[in-house]
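> One structure coming up, written as structure tokens, with questions to follow.
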Amino acid sequence: MNTPPELLSVGEPPPWRVVDLPGRGPLRLRDSGQPDGHESTRPVLLLFHGWTVSADLNWGAAYAELTSRYRVLAWDQRGHGPNGLRPRRRFRLEDCADDAAAVMDAVGVEQAVAVGYSMGGAVAQLLWRRHPHLVSGLALCASAMKFRQTVAEYRDFALIRLACRPAALLPETTWHLAERVASVRSGRAQLVDPEFDDWAAREVRAGDIGQILQAGVALGGFNSSSWAGNIDVPTTVLIGVDDSIVPTARQRQLATALPRPLVVEFSGDHVAPVVRADHFATQLTTGVAWLHGG
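Those letters in the sequence shown? Residues 1 to 294, per the numbering used here, in order.
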């Protein structure tokens with residue numbers, strides 16, 4: 001099993017459990033709730049990771065700090081990581097939001113704060129829109145109302161769409177091409193730690209390349225600008241001040257569109273949860289605490 005190295009996680013991550021989601025199948029997820037099966041009285045957080053990565057890669061450094069205060073539920077999104085659902089149907093962000101609702105029902109949680117990073121922020125917004133009675137608050141990190149605006153972004157998302165078909169026939173070749181494009185666009189988030197780099201690569205490549213590319217297409221089509229202003233639950237927007245993947249200005253546009261959010265800034269680029277792990281975890285905890293009255 002691909003276990004997070006010590007570099008990423010301080011203390012033990014939440015234990016694994018498997019829940020059966022009717023019509024979807026079994027899902028392996030992390031749940032810091034009571035090991036004897038009784039519901040925890042602590043507030044519940046749902047952690048939604050970003051595109052291409054896994055829950056552990058995105059949130060591993062924040063697990064310990066968050067689980068000291070909250071019940072944390074985290075899982076790999078469809079097609080992502082070693083544990084994400086592997087449906088036959090095309091990837092849809094709406095299905096990810098519905099998966100979250102099904103998880104809550106399966107574990108007996110009535111309301112939760114949805115915490116989303118990048119693509120996970122889109123899933124969190126959709127969870128509020130599709131299942132508003134389940135959402136008590138939102139924490140939207142390095143996210144946006146729209147991920148495709150510039151000419152370069154339209155080009156990149158068009159290339160992702162074109163790659164979907166060969167991915168089904170030549171997954172290994174498509175992985176190599178995707179990694180080359182990613183390295184040109186954003187560089188590799190190396191920590192000069194071979195153990196971490198090898199683990200992170202395994203987490204990403206454990207995903208289904210076809211589903212991951214379809215997720216990219218879905219992300220390019222996401223647009224909440226017509227309804228984000230209607231979000232009526234307490235919301236924190238965590239903004240990466242040096243982000244070029246989801247430009248900082250676009251993250252600020254999201255904050256401006258929302259009614260009275262708390263804005264928390266964190267230093268670093270789009271891989272700050274890994275390369276500036278302690279700082280990001282502290283800022284995230286601050287933002288989530290505000291949603292529960294400090």
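Cβ atoms here follow ideal geometry from the backbone N, Cα and C, with glycine treated the same way.
Relative to the alpha-carbon of residue 290, which residue among 48, 56 and 69 has its alpha-carbon at the smallest distance?
In the sequence shown, residue 290 corresponds to position 290, counting from 1. Ranking 48, 56 and 69 by Cα distance to residue 290 puts 69 first.
> Return the CA-CA distance between residue 146 and residue 121, expressed in angstroms with no decimal places.
Counting from 1 along the sequence shown, the entry for residue 146 is found at position 146. Counting from 1 along the sequence shown, the entry for residue 121 is found at position 121. Going by the C-alpha atoms only, they are around 11 Å apart.
> I'd like the list of long-range same chain contacts for residue 114, defined as Cβ closer than 6 Å, with 5 residues on each side in sequence excluded.
As a first step, residue 114 is located in the sequence shown; it is residue number 114 there, counting from the start. Answer for residue 114: 46, 124, 127, 135 and 138, listed in chain order.
> Can you tell me whether residue 185 is helix, strand or coil according to DSSP?
The residue given as residue 185 occupies position 185 in the sequence shown. Only weak support exists for where residue 185 lies, its pLDDT of 42 falling under 50; the value from the coordinates is given anyway. Residue state, collapsed to three classes: helix.
> Where residue 239 and residue 81 are concerned, what is the direct C-alpha to C-alpha distance, given to the nearest angstrom?
For the purposes of this step, residue 239 is taken as residue 239 along the sequence shown, with counting starting at 1. For the purposes of this step, residue 81 is taken as residue 81 along the sequence shown, with counting starting at 1. Each residue's alpha carbon lies about 25 Å from the other.
> Could you give the DSSP three-state label for residue 284: helix, strand or coil?
Taking the sequence shown and counting its residues from 1, the one referred to as residue 284 is at position 284. Residue state, collapsed to three classes: helix.
> Look up residue 79 in the DSSP assignment and say whether it is helix, strand or coil.
Numbered from 1 along the sequence shown, position 79 holds the residue referred to as residue 79. Three-state DSSP puts residue 79 in coil, outside helix and strand.
> Residue 237 and residue 249: beta carbons closer than 8 Å?
Within the sequence shown, numbered from 1, the residue matching residue 237 stands at position 237. Within the sequence shown, numbered from 1, the residue matching residue 249 stands at position 249. No. Outside cutoff.
> How many angstroms separate the CA atom of residue 71 from the CA atom of residue 50?
Working through the sequence shown from its first residue, we reach residue 71 at position 71. Working through the sequence shown from its first residue, we reach residue 50 at position 50. Using only the alpha carbons, I get a separation of about 20 Å.
> Please name the residue or residues paired with residue 203 in a DSSP beta bridge.
Residue 203 sits at position 203 when you count from the first residue of the sequence shown. Answer is none; residue 203 lacks a bridge partner.
> Does the pairing of the stretch 80 to 94 with the stretch 50 to 61 give three or more beta-carbon distances under 8 Å?
yes
> Helix, strand or coil for residue 192 per DSSP?
Stepping through the sequence shown from its first residue, residue 192 is reached at position 192. Any reading at residue 192 needs caution, since the residue's pLDDT is 48, under 50, leaving its predicted position unreliable; the model's value is listed next. When DSSP states are grouped into helix, strand and coil, residue 192 belongs to the coil group.
> When you compare only the Cα positions, how much space is there between residue 62 and residue 144?
Stepping through the sequence shown from its first residue, residue 62 is reached at position 62. Stepping through the sequence shown from its first residue, residue 144 is reached at position 144. Approximately 21 Å between the Cα atoms of the pair.
> When the Cα atoms are used, what is the spatial distance from residue 33 to residue 18?
As a working note, residue 33 is residue 33 in the sequence shown. As a working note, residue 18 is residue 18 in the sequence shown. Taking the straight line from one Cα to the other gives about 13 Å.
> Can residue 246 and residue 279 be called in contact, C-beta distance under 8 Å?
As a working note, residue 246 is residue 246 in the sequence shown. As a working note, residue 279 is residue 279 in the sequence shown. Cβ atoms of residue 246 and residue 279: not closer than 8 Å.
> So, at 6 Å on beta carbons, what are the nonlocal neighbours of residue 284 in its own chain, with the 5 sequence-adjacent residues on each side left out?
Taking the first residue of the sequence shown as position 1, residue 284 is located at position 284. Hits under 6 Å: 62.
> Check the DSSP bridge columns for residue 141 and list the partner residues they point to.
Sequence index remark: in the sequence shown, residue 141 carries index 141 (1-based). 117 and 238, per the DSSP bridge assignment.
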